[in-house]
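All the letters of the sequence shown, read from the start, carry residue numbers 0 to 340 under numbering that gives the first Met the number 0.
Everything below concerns the one structure shown next.
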Amino acid sequence: MKVYAFKQADLEKWVKSWTSTHKVYRAATQKSETCGAHAGWTEMTDGTMPPCGPAKSSVKTFYFPQPETMATFSAKKEDPDGLLMENQETPEEKQIVFGVRPCDGRSVELNNLPYVDDPFYQANRERTILVGFSCTEQKATCFCTQTGGSPYGTEGLDVALSQVGDVFLAEIITDKAAELVDNGDGLTEASESEIAELTSLRQAVEENPGHDESLKAKEMTALHGAPFWDKVAESCLNCGACTFLCPTCYCFDIQDEVVRGQGKRIRYWDSCMFPLYTLHTTGHNPRGKKVQRVRNRFMHKLKYFPDRFGPFSCVGCGRCIQECPVNIDIREVMVDLLAVK
Ligand code: SF4
Ligand code: SF4
Numbered sequence: 000m001k002v003y004a005f006k007q008a009d010l011e012k013w014v015k016s017w018t019s020t021h022k023v024y025r026a027a028t029q030k031s032e033t034c035g036a037h038a039g040w041t042e043m044t045d046g047t048m049p050p051c052g053p054a055k056s057s058v059k060t061f062y063f064p065q066p067e068t069m070a071t072f073s074a075k076k077e078d079p080d081g082l083l084m085e086n087q088e089t090p091e092e093k094q095i096v097f098g099v100r101p102c103d104g105r106s107v108e109l110n111n112l113p114y115v116d117d118p119f120y121q122a123n124r125e126r127t128i129l130v131g132f133s134c135t136e137q138k139a140t141c142f143c144t145q146t147g148g149s150p151y152g153t154e155g156l157d158v159a160l161s162q163v164g165d166v167f168l169a170e171i172i173t174d175k176a177a178e179l180v181d182n183g184d185g186l187t188e189a190s191e192s193e194i195a196e197l198t199s200l201r202q203a204v205e206e207n208p209g210h211d212e213s214l215k216a217k218e219m220t221a222l223h224g225a226p227f228w229d230k231v232a233e234s235c236l237n238c239g240a241c242t243f244l245c246p247t248c249y250c251f252d253i254q255d256e257v258v259r260g261q262g263k264r265i266r267y268w269d270s271c272m273f274p275l276y277t278l279h280t281t282g283h284n285p286r287g288k289k290v291q292r293v294r295n296r297f298m299h300k301l302k303y304f305p306d307r308f309g310p311f312s313c314v315g316c317g318r319c320i321q322e323c324p325v326n327i328d329i330r331e332v333m334v335d336l337l338a339v340k
């Protein structure tokens with residue numbers, strides 16, 4: 000892996016050079032900046048960047064946008080080919096997402112586990128370059144290390160930027176990202192001492208992961224039947240904010256929409272917190288009670304997904320904690336689950 004060093008002033012020039020070949024996005028710092036297609040993000044037309052922290056909206060919008068047209072069809076009565084569906088071409092326009100935090104980068108890898116055969120997700124992955132930024136400070140709601148991540152993590156990223164003293168280092172992780180370096184005025188290969196400094200910052204985190212794997216080994220039925228679920232669910236409003244903001248929530252609903260005889264099959268984000276999500280056409284609802292839906296959200300992230308794929312389906316970004324109107328905190332649920340015998 001190549002590692003380059005550069006000064007802050009060179010970063011703006013480097014980013015500007017990408018805008019001639021790619022759409023480049025960064026986290027919006029205020030609501031008025033947010034761009035239509037990707038709420039919470041804004042397009043960069045030059046290299047100028049205000050100080051911006053972790054994005055309020057997750058990076059999943061670039062891989063799993065909503066709405067996303069999957070197929071088109073004609074619904075005109077007189078059309079001999081009426082209702083024949085044609086699969087939607089997957090998009091090709093190249094895009095760069097700049098300043099992605101390691102937790103969000105990791106979420107792309109985790110979502111890839113269930114979406115490995117999804118042509119839209121894979122096409123969006125192929126055309127997207129993630130330029131990450133290590134976190135030198137954590138918010139009170141960040142807990143990436145407890146779920147297997149790191150503020151210096153590089154999983155899912157194509158380029159990882161880190162500040163080491165007064166220089167920035169750029170680790171070029173994928174071949175896809177190597178093309179960005181060609182236009183990198185001011186980039187020089189990082190020295191051994193600069194790389195060693197970054198390695199020691201990374202190791203310091205890895206030595207104290209705060210990561211408790213024992214939850215994964217607990218009996219599913221014991222966790223499912225634990226007595227505290229009613230208490231957790233009591234205050235939940237089933238608003239779904241937690242699931243829409245969560246980078247690792249990936250459920251969707253499919254709807255057919257027809258306008259003047261032209262139909263589109265579209266997928267939209269859905270949420271397991273909504274009663275309609277599991278409502279059968281018979282009227283039966285296997286998760287008709289709020290406590291069942293709240294339990295499902297946490298069990299999916301902390302037990303069902305790890306049982307199937309290995310890691311927790313949570314990257315510890317803290318968005319659900321920050322935005323929950325009734326202060327439900329997944330970290331407290333983890334503690335309760337760990338206490339189950
Ligand atoms: S954000 Fe909070 S209140 Fe809303 S569905 Fe999620 S846990 Fe419930
Ligand atoms: S469950 Fe909460 S903390 Fe975990 S990834 Fe989703 S939004 Fe972030």
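We put the CB at the ideal spot given by N, CA and C, even for glycine.
Please classify residue i: is it buried, with 16 or more other beta-carbons within 10 angstroms of its beta-carbon, or exposed?
i	result
alanine 36	exposed
proline 324	exposed
cysteine 250	exposed
valine 158	buried
threonine 198	exposed
glycine 309	exposed
asparagine 123	buried
alanine 346	Beyond the ends of the chain as shown, which are 0 and 340, falls residue 346; an answer cannot be given.
tyrosine 267	exposed
alanine 139	exposed
aspartate 103	buried
arginine 259	exposed
glycine 98	buried
glutamate 85	exposed
proline 226	exposed
proline 118	exposed
lysine 59	buried
serine 106	buried
Using the Cα positions of residue i and residue j, report the straight-line distance between them to the nearest angstrom.
i	j	result
glutamine 87	asparagine 110	22 Å
glutamate 212	threonine 44	44 Å
methionine 232	lysine 289	Position check: residue 232 holds alanine in this sequence, whereas methionine was assumed. Distance between the alpha carbons of alanine 232 and lysine 289: 7 Å.
proline 285	glutamate 193	56 Å
valine 314	glutamine 121	20 Å
lysine 22	tryptophan 228	45 Å
threonine 127	leucine 156	10 Å
alanine 38	phenylalanine 304	27 Å
isoleucine 265	glutamine 65	9 Å
glycine 75	glycine 262	Note on identity: in this sequence residue 75 is lysine, with glycine being the wrong assignment. Looking at the two C-alpha atoms, the distance is approximately 9 Å.
threonine 247	leucine 83	34 Å
phenylalanine 243	valine 130	23 Å
glutamine 145	alanine 8	35 Å
valine 334	threonine 153	27 Å
For residue i, which beta-bridge partners are listed by DSSP?
i	result
lysine 6	The partner list for lysine 6 (beta bridge, DSSP) is empty, contrary to what the question assumes.
isoleucine 253	Arg266
serine 73	Gln261
phenylalanine 243	Its beta-bridge partners do not exist; DSSP assigns none.
leucine 160	Phe132, Ala169
The beta strand (DSSP E) spanning residue i covers which residue range?
i	result
valine 58	Segment: none, valine 58 is in no beta strand (DSSP E) and carries neither H nor E.
asparagine 86	84 to 86
valine 293	That residue, valine 293, is in no beta strand (DSSP E); its alpha helix (DSSP H) goes 289 to 298.
arginine 25	22 to 26
glycine 104	No beta strand (DSSP E) holds glycine 104; the alpha helix (DSSP H) holding it covers 101 to 111.
Compare the Cα-Cα distances from residue i to each of the options and report the closest residue.
i	options	result
threonine 28	Lys22, Thr47, Thr18, Ser190	Thr47
glutamate 11	Gly185, Ser312, Tyr303	Gly185
asparagine 295	Glu125, Tyr114, Asp181, Ser270	Ser270
alanine 70	Gln254, Cys319, Leu275	Gln254
phenylalanine 311	Ile320, Ile329, Val96	Ile329
valine 55	Asp306, Leu337, Cys241, Glu256	Per the sequence presented here, residue 55 reads as lysine, with valine not at that position. Taking only the C-alpha atoms, the option nearest lysine 55 is Cys241.
valine 2	Lys59, Val166, Val96	Val166
phenylalanine 297	Thr20, Ser133, Val332, Thr68	Val332
With a cut-off of 8 Å, does the C-beta of residue i fall near any C-beta of chain D?
i	result
asparagine 284	Of the protein chains in the structure, only one exists, and it is not chain D.
So the alpha helix (DSSP H) residue i belongs to, where does it begin and stop?
i	result
glutamine 145	Run containing glutamine 145: none; DSSP gives neither H nor E here.
isoleucine 320	318 to 322
glutamate 191	191 to 206
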